[in-house]
Amino acid sequence: MNNLVHHPFFRKSESQQKRFLVRLALLFIGFILLSVALGYATGWYLIPVLSITLGLSIIAPFFDIPALQKKGDLKYFSLLFLAEKPKNQRLKIHAGSLFDYYFVLDRGSTPQQRKAFIMQQFLSGLLNFIEVHQNHTPLKVRGTSYIINARTAEKIGFKPQKTDALQLLILSYNYFNLVVANSLAKGKLSFPKLNRTISFEADISALIEHKASIQNLHDRLKRSQKA
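If you use numbering that gives the first Met the number 0, the sequence shown corresponds to residues 0 to 226, in order.
As structure tokens, this is what we get:
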């Protein structure tokens, strides 16, 4: 199972990937130099500090995710479902990132189509994940999302959990990253509400029990994209 062959970034040759990242790094450096000049000219020295924080938050996944994937610390199970390496029989999953949204989402589609595609790809990855890990018991699976609501999480076998203070701190630091990702998902400038972010957790056995429900929801979303 190789989901990278369908990912636009990983379909690029290694030299093309490097060129993209170099251009992105140069764009970031130019942005920082501009903010430093603006801060110096206005006397508002907080401008470059905020610019660096904002810029790093946005570009970090474009460098981190390919590097982690190459090292084997992050694995794609679909275009928008990633899983970290298990640690102490616990594993974190992610419903894509800004990096993935930038390369994968069709900018010509409607917001409703994008939302359906994001959810369908998450469920597709979850089904692949279950297939690979169904004999790896016990295994606790945990994720955090502002895309998946508590009701849907429960339908597919997860139990909503209170998002802890550390996770909220991380989300707050990456808020500008989330704004860009959410805007790409909705096709317009959109500010996610962190208080609507949920964490969810499940034993792999619970996900296996809900496999039929996951498959049904996945198929329904798949059909809706063809309608």
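Using N, Cα and C, we set each Cβ at its ideal position, and we do this for glycine too.
For Pro-60, I'd like the list of residues in its chain whose CB is within less than 6 Å of its CB, leaving aside the five on either flank, ordered along the chain.
The answer, listed in chain order, is Ser-96, Leu-97, Phe-98.
For my contact list, Gln-133 and Ile-207 are in at a C-beta cut-off of 8 Å; report their separation, rounded to the angstrom.
6 Å
Does the beta-carbon of Ile-28 have 16 or more other beta-carbons within 10 angstroms, so that it is buried, or is it exposed?
exposed
Residues that DSSP places opposite Gly-142 in a beta bridge
Ile-92, Phe-199
Do Thr-162 and Ser-198 have their C-beta atoms closer together than 9 Å?
yes
Rounded to whole angstroms, what's the CA-CA distance from Phe-76 to Gln-214? Just pull it up for me.
15 Å
Quick one, are the C-beta atoms of His-6 and Phe-121 less than 9 Å apart?
no
Just curious, the beta strand (DSSP E) that Tyr-75 is in, first and last residue?
73 to 77
Please report the straight-line C-alpha distance between Pro-110 and Ala-184, rounded to a whole angstrom.
7 Å
Just verifying my parser: in three-state terms, what is the DSSP assignment at Leu-188?
coil
Going by Cα to Cα distance, which pick from Leu-167, Tyr-172, Arg-141, Leu-170 is closest to Pro-159?
Arg-141
Assuming the contact rule is C-beta atoms closer than 8 Å, Asn-176 and Ser-56 should be a hit. Round their C-beta distance to whole Å, please.
5 Å
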